[in-house]
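In our numbering, the protein residues as written are 1 to 211.
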C-alpha cells in the first residue's frame, strides 16, 4: 500500500504515526504545493508537552490541521494554489481554520461521522464565498486502517467503556469493520508493539491484516 500513496499522503500518515507513538491522537496533516512538495506539516499535540515553533501543544485546540496551517509561512496569493492533506475528516475547529487560511483544496483520507465537519462548507453566506474544493476519501483500505488506528487509540486513552460509547456508535454506522478491527488491535497489543517501526511498515502491515 505505502508505495501507491502520493508523497503528501505519506508525509501526513508519518505525522499521524508520530502522534500515535507519542501517546496522543493519531492524526497528521500536511500542506502541499500543486506538484506535491510538502511546505508545512503538523500533527495532533493535545497530550504533548512540546511543539515546533508557531505550533501549539498541551491544549484541546492542538489539532493536526491547525498545527500544519500555523506552520505555513507563505503569502496569501500563493496559498490559493496549495492543498491541505489530513488523515481524518476535519472537525469544526479545523474546518474553520482551513477556510480562513487561504488554502483552497482539502483532501481527507477517512470520514469522521462523529466530529467530521466538511459539510459546513456552503452552509452560511460567509462559508459560501470562497472556491473551496473538498476531496473525499477514495481508498477504502486506507480509510479502514486509519480509522482503526483512531479506534485503538480511543480505547487505550479512555478505557474499554469507550467501546459502547456514543462516539463508537456513530463510527459503527459508517465504518463498522474499522471499529471492530481497532478493538482487535487494542486487545492484541500488536500495534503498540510496533512503535519502533517506520510508518511505511506499519501501514503495510495494517493493510495486509484487513485485505
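Here a beta-carbon is modelled for each residue, glycine too, at the ideal position from N, C-alpha and C.
Per DSSP, what kind of secondary structure is residue i in: helix, strand or coil?
| i | result |
| --- | --- |
| residue 28 | strand |
| residue 43 | strand |
| residue 147 | helix |
| residue 63 | coil |
| residue 84 | strand |
| residue 114 | coil |
| residue 202 | helix |
| residue 74 | coil |
Exposed or buried, what is residue i when buried is set at 16 or more other beta-carbons lying within 10 Å of its beta-carbon?
| i | result |
| --- | --- |
| residue 143 | buried |
| residue 26 | buried |
| residue 50 | exposed |
| residue 107 | buried |
| residue 187 | exposed |
| residue 92 | exposed |
| residue 136 | exposed |
| residue 85 | buried |
| residue 111 | buried |
| residue 78 | exposed |
| residue 124 | exposed |
| residue 157 | exposed |
| residue 198 | exposed |
Quickly, what does DSSP pair residue i with across the bridge? List them, please.
| i | result |
| --- | --- |
| residue 51 | Answer is none; residue 51 lacks a bridge partner. |
| residue 210 | None, per the DSSP bridge assignment. |
| residue 106 | 84 and 134 |
Would you please state the rounded distance, in angstroms, between the beta carbons of residue i and residue j? I believe it to be under 8 Å.
| i | j | result |
| --- | --- | --- |
| residue 100 | residue 64 | Not really, about 17 Å apart at Cβ, beyond 8 Å. |
| residue 12 | residue 23 | Between residue 23 and residue 12 the Cβ distance is about 19 Å, and since that is not below 8 Å, they are no contact. |
| residue 88 | residue 146 | 7 Å |
| residue 68 | residue 42 | 3 Å |
| residue 210 | residue 141 | 6 Å |
| residue 2 | residue 204 | 5 Å |
| residue 82 | residue 103 | 5 Å |
Using a Cβ cut-off of 7 Å (strictly closer), state whether residue i contacts chain B.
| i | result |
| --- | --- |
| residue 83 | Reference to chain B is not applicable here, since this structure consists of a single protein chain. |
Cβ-heavy atom distance between residue i and the ligand ZN below 6 Å?
| i | result |
| --- | --- |
| residue 40 | This structure simply doesn't include the ligand ZN, nor any ligand for that matter. |
**Q.** Within the region 115 to 197, ranges of the beta strand (DSSP E) (whole runs, at least 3 residues)
**A.** 133 to 135
(Q) Please give the ranges of any alpha helix (DSSP H) in the region 1 to 27, keeping only runs that are unbroken, at least 4 residues long and fully inside the region. (A) Counting whole runs of 4 or more residues, the region 1 to 27 contains the alpha helix (DSSP H) stretches 7 to 22.
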